[in-house]
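Take the sequence shown: its letters are residues 268 to 470, numbered as in the working numbering.
Reviewing the structure listed below.
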Amino acid sequence: MLFKSLKHMAIIVTLTCFIGVLLSGCFGAAVGTGAWVANAASDKRGLKKAAIDLGIRARINNLWLDHNEEIITRANIAVFNGRVLLTGIVSSDQLRQDAVRLAWKAGGAKEVINELEVFKANSLAGFTRDTWISAQLKTSIALDKNIAAINYSINVVRGTVYLLGIADTADELERVLTHARQINYVRRVLSYVIIERQKIHSS
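Rendered as structure tokens:
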């Protein structure tokens, strides 16, 4: 119960602070939020759409918490322009279905992409490796002057890299995919990145 209460509070405080900054322009309210807003200024979504995505994510988190704590501890949510990507590992197909149902129930989603796996818990070594891959890829694309890294969301599960976001050009997306494929321990790369108005799914 304490875990649930703290997580609920964290979600509410984060969302409230961000919306307050967005509407009032009072950047002194939170340094972390101010930094996020500064970065979001170059986000292709714009501040309002980025805030809407944040709200969708918070509502899904809340519903998952109320339903089953396993989902929120073992699954990931990425939201970009109302497109929701669910990744991670859950212990049963029922929980997988519940996670998707609740993502739709949260409201605001234009699409829910279900990449949740039914599998026993990832090992510590596997989790550490996934975290390392994610950090390597984020660093690589951030340092590439031909990539607008802020427009990509990255999740890694059991060596699979999942990408969501908006690419400026097909060449930019190909650069991101190349960076991902060159990292050690990457098994495959799945892209749900949009190029202008097209959805690209690459494996």
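We put the CB at the ideal spot given by N, CA and C, even for glycine.
Since this is a predicted model, take the numbers as computed values, not measurements.
**Item:** Inter-residue Cα distance where the pair is Glu439 and Ala409
**Value:** 12 Å
**Asked** Ordered along the chain, which non-local residues of its own chain (more than five positions away) have a Cβ less than 6 Å from that of Ala434?
**Response** Leu440, Val460, Ile462
**Request:** Name, in chain order, the residues that DSSP records as bridge partners for Ile344.
**Result:** Leu353
**Separation of Ile319 from Leu290, as counted between CA atoms** = Residue placement at Leu290 is flagged as unreliable, the pLDDT there being 43, under the threshold of 50; a coordinate-derived value is accordingly withheld.
**Prompt:** In this structure, does DSSP put Gly295 in helix, strand or coil?
**Reply:** Low confidence applies to Gly295: its pLDDT is 43, below 50, so where it sits in the model is not reliable, and the reading given next is rough at best. Here Gly295 sits in helix by DSSP.
**Message:** Report the CB separation of Ile356 from Val424 in whole angstroms; it is logged as a contact under 8 Å.
**Reply:** 7 Å
**Prompt:** Would Arg454 be called buried (16 or more neighbouring beta carbons within 10 Å of its own) or exposed?
**Reply:** exposed
**Asked** By DSSP, does Arg442 sit in helix, in strand, or in coil?
**Response** helix
**Message:** Just to confirm the assignment: which complete alpha helix (DSSP H) runs, minimum length 4, are found wholly within the region 415-462?
**Reply:** 437-448
**Asked** Is Gly313 buried or exposed, if buried means 16 or more other CB atoms sit within 10 Å of its CB?
**Response** exposed
**Request:** Please determine, among Ser358, Asn418, Val443, Trp371, the residue with the shortest C-alpha to C-alpha distance to Ile323.
**Result:** Trp371
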